[in-house]
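Numbering (this note's numbering), first residue to last: 136 to 287. Ideal placement from N, C-alpha and C gives every residue a C-beta, glycine not left out. Scroll down for the structure; my scribbles are underneath it.
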Amino acid sequence: MLFWVMFLMNLYISVCLYLMIHKKRKIFDDRFSMILSYCISSVSSIAITLHITFLVELDFVQLSIVSSFIGGGIGWLFGSLRTFQSLLAGFSHGMIGGLMGMMLGAVIQDPSLCSLPAYYQRAIELNMVIFSIFTTGLTTMMCGMVYYAFRV
136 MLFWVMFLMN
146 LYISVCLYLM
156 IHKKRKIFDD
166 RFSMILSYCI
176 SSVSSIAITL
186 HITFLVELDF
196 VQLSIVSSFI
206 GGGIGWLFGS
216 LRTFQSLLAG
226 FSHGMIGGLM
236 GMMLGAVIQD
246 PSLCSLPAYY
256 QRAIELNMVI
266 FSIFTTGLTT
276 MMCGMVYYAF
286 RV
(Lines of atoms letter the chains of each structure in order from A and count residues from 1; the text may use other names and numbers.)
(Lines give C-alpha, C1' and ligand atoms only; values in the text may rest on other atoms or scores of the structure.)
Protein backbone atom coordinates (compact mmCIF):
# COMPACT_ATOMS: atom_id res chain seq x y z
CA MET A 1 0.00 0.00 0.00
CA LEU A 2 2.84 2.39 0.84
CA PHE A 3 4.43 1.86 -2.57
CA TRP A 4 1.17 2.68 -4.34
CA VAL A 5 0.84 5.90 -2.34
CA MET A 6 4.44 6.90 -3.11
CA PHE A 7 4.02 5.98 -6.77
CA LEU A 8 0.85 8.05 -7.10
CA MET A 9 2.48 10.93 -5.23
CA ASN A 10 5.45 10.95 -7.63
CA LEU A 11 3.09 10.74 -10.59
CA TYR A 12 0.96 13.59 -9.22
CA ILE A 13 4.01 15.80 -8.62
CA SER A 14 5.29 15.15 -12.15
CA VAL A 15 1.92 15.89 -13.75
CA CYS A 16 1.48 19.11 -11.75
CA LEU A 17 5.00 20.17 -12.68
CA TYR A 18 4.32 19.47 -16.34
CA LEU A 19 1.11 21.50 -16.28
CA MET A 20 2.86 24.42 -14.57
CA ILE A 21 5.73 24.41 -17.06
CA HIS A 22 3.36 23.98 -20.01
CA LYS A 23 1.45 27.07 -18.91
CA LYS A 24 4.66 29.15 -18.62
CA ARG A 25 6.63 27.69 -21.52
CA LYS A 26 6.66 30.94 -23.53
CA ILE A 27 8.55 32.93 -20.89
CA PHE A 28 11.79 30.92 -20.72
CA ASP A 29 14.60 30.57 -23.23
CA ASP A 30 16.25 27.55 -24.83
CA ARG A 31 18.96 27.16 -22.19
CA PHE A 32 16.45 27.06 -19.35
CA SER A 33 14.32 24.55 -21.24
CA MET A 34 17.36 22.30 -21.67
CA ILE A 35 18.10 22.45 -17.94
CA LEU A 36 14.46 21.74 -17.11
CA SER A 37 14.32 18.76 -19.46
CA TYR A 38 17.57 17.36 -18.01
CA CYS A 39 16.57 17.67 -14.38
CA ILE A 40 12.90 16.85 -14.44
CA SER A 41 13.06 13.93 -16.85
CA SER A 42 15.95 12.31 -14.97
CA VAL A 43 14.54 12.60 -11.46
CA SER A 44 10.92 11.84 -12.38
CA SER A 45 11.77 8.79 -14.46
CA ILE A 46 14.08 7.38 -11.78
CA ALA A 47 11.39 7.75 -9.12
CA ILE A 48 8.49 6.46 -11.20
CA THR A 49 10.30 3.44 -12.64
CA LEU A 50 11.72 2.54 -9.22
CA HIS A 51 8.19 2.35 -7.87
CA ILE A 52 7.00 0.41 -10.91
CA THR A 53 9.79 -2.09 -10.26
CA PHE A 54 8.50 -2.52 -6.70
CA LEU A 55 4.86 -2.81 -7.76
CA VAL A 56 4.91 -4.94 -10.92
CA GLU A 57 6.20 -8.50 -11.07
CA LEU A 58 7.72 -8.80 -14.54
CA ASP A 59 10.72 -10.53 -16.04
CA PHE A 60 13.94 -8.49 -16.05
CA VAL A 61 13.88 -8.02 -19.84
CA GLN A 62 10.23 -7.01 -19.92
CA LEU A 63 10.75 -4.63 -17.03
CA SER A 64 13.72 -2.96 -18.72
CA ILE A 65 11.71 -2.46 -21.92
CA VAL A 66 8.74 -1.01 -20.03
CA SER A 67 11.02 1.22 -17.93
CA SER A 68 12.88 2.58 -20.94
CA PHE A 69 9.58 3.40 -22.68
CA ILE A 70 8.19 5.09 -19.57
CA GLY A 71 11.39 7.07 -19.00
CA GLY A 72 11.61 8.04 -22.66
CA GLY A 73 7.97 9.13 -22.61
CA ILE A 74 8.53 11.30 -19.54
CA GLY A 75 11.60 12.85 -21.15
CA TRP A 76 9.74 13.39 -24.41
CA LEU A 77 6.89 15.18 -22.62
CA PHE A 78 9.14 17.54 -20.69
CA GLY A 79 11.56 18.04 -23.57
CA SER A 80 8.89 18.84 -26.14
CA LEU A 81 7.90 22.05 -24.41
CA ARG A 82 10.37 24.28 -26.24
CA THR A 83 12.85 23.11 -28.92
CA PHE A 84 14.06 19.97 -30.63
CA GLN A 85 17.35 20.08 -28.71
CA SER A 86 15.52 20.00 -25.40
CA LEU A 87 13.31 17.19 -26.76
CA LEU A 88 16.39 15.12 -27.58
CA ALA A 89 18.02 15.89 -24.22
CA GLY A 90 14.85 15.13 -22.29
CA PHE A 91 14.25 11.88 -24.15
CA SER A 92 17.79 10.60 -23.62
CA HIS A 93 17.91 11.61 -19.95
CA GLY A 94 14.46 10.19 -19.36
CA MET A 95 15.39 6.87 -20.91
CA ILE A 96 18.63 6.68 -18.94
CA GLY A 97 16.78 7.65 -15.75
CA GLY A 98 14.14 4.99 -16.41
CA LEU A 99 16.77 2.30 -16.81
CA MET A 100 18.61 3.53 -13.71
CA GLY A 101 15.42 3.38 -11.64
CA MET A 102 14.69 -0.12 -12.88
CA MET A 103 18.23 -1.32 -12.10
CA LEU A 104 18.17 0.28 -8.66
CA GLY A 105 14.86 -1.41 -7.90
CA ALA A 106 16.16 -4.76 -9.13
CA VAL A 107 19.25 -4.54 -6.91
CA ILE A 108 17.16 -3.49 -3.90
CA GLN A 109 14.85 -6.48 -4.39
CA ASP A 110 17.68 -8.95 -5.09
CA PRO A 111 21.01 -7.84 -3.56
CA SER A 112 22.77 -10.94 -4.91
CA LEU A 113 22.81 -9.30 -8.36
CA CYS A 114 25.73 -7.16 -7.16
CA SER A 115 27.23 -9.87 -4.92
CA LEU A 116 26.25 -8.04 -1.75
CA PRO A 117 26.65 -9.97 1.51
CA ALA A 118 23.86 -12.03 3.07
CA TYR A 119 23.17 -9.26 5.60
CA TYR A 120 21.40 -7.23 2.93
CA GLN A 121 18.97 -10.09 2.23
CA ARG A 122 17.41 -9.55 5.66
CA ALA A 123 16.78 -5.84 5.11
CA ILE A 124 15.04 -5.91 1.72
CA GLU A 125 11.69 -4.54 2.94
CA LEU A 126 13.37 -1.79 4.93
CA ASN A 127 15.55 -0.80 1.96
CA MET A 128 12.52 -0.71 -0.32
CA VAL A 129 10.72 1.66 2.06
CA ILE A 130 13.81 3.85 2.54
CA PHE A 131 14.48 4.21 -1.18
CA SER A 132 10.81 4.81 -1.89
CA ILE A 133 10.68 7.65 0.62
CA PHE A 134 14.03 8.99 -0.63
CA THR A 135 12.96 9.17 -4.28
CA THR A 136 9.66 10.79 -3.33
CA GLY A 137 11.56 13.37 -1.31
CA LEU A 138 13.95 13.90 -4.20
CA THR A 139 11.05 14.49 -6.59
CA THR A 140 9.42 16.90 -4.15
CA MET A 141 12.69 18.80 -3.68
CA MET A 142 13.21 19.02 -7.44
CA CYS A 143 9.66 20.34 -7.87
CA GLY A 144 10.30 22.98 -5.22
CA MET A 145 13.53 24.06 -6.90
CA VAL A 146 11.82 24.38 -10.30
CA TYR A 147 8.99 26.34 -8.70
CA TYR A 148 11.58 28.61 -7.05
CA ALA A 149 13.36 29.08 -10.40
CA PHE A 150 10.12 30.39 -11.88
CA ARG A 151 9.67 32.77 -8.95
CA VAL A 152 13.15 34.30 -9.27
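Check                                                                                                                                                       : Outcome
Need the endpoints of the alpha helix (DSSP H) that residue 218 sits in, please.                                                                            : That residue, residue 218, is in no alpha helix (DSSP H); it is neither H nor E in DSSP.
For residue 182, does the count of other Cβ atoms within 10 angstroms reach 16, so buried, or fall short, so exposed?                                       : buried
Among 195, 206, 151, 192, which one has its Cα closest to the Cα of residue 178?                                                                            : 206
So residue 138 and residue 189 are supposed to be a Cβ contact under 8 Å. How far apart are they, rounded?                                                  : 5 Å
How is residue 251 classed by DSSP in three states: helix, strand or coil?                                                                                  : coil
Quick check on residue 136: does DSSP put it in helix, strand or coil?                                                                                      : coil
Taking one C-beta from the region 201-216 and one from the region 252-265 each time, how about it: are there three or more such pairs within less than 8 Å? : no
Taking DSSP as the reference, what is the three-state secondary structure of residue 260?                                                                   : helix
Can you tell me whether residue 226 is buried or exposed, with buried defined as 16 or more other CB within 10 angstroms of its CB?                         : buried
Candidates 213, 262, 180: which alpha carbon is nearest residue 158's?                                                                                      : 213
Roughly how many angstroms separate the alpha carbons of residue 186 and residue 163, rounded to a whole number?                                            : 32 Å
Can residue 285 and residue 155 be called in contact, C-beta distance under 9 Å?                                                                            : yes
Quick check: the Cα distance between residue 142 and residue 150, rounded to an integer number of angstroms?                                                : 12 Å
In this structure, how does DSSP classify residue 158 when only helix, strand and coil are distinguished?                                                   : helix
Buried or exposed: where does residue 210 fall if 16 or more other Cβ atoms within 10 Å of its Cβ makes it buried?                                          : buried
Whose CA, out of 283, 261, 176, lies closest to the CA of residue 236?                                                                                      : 176
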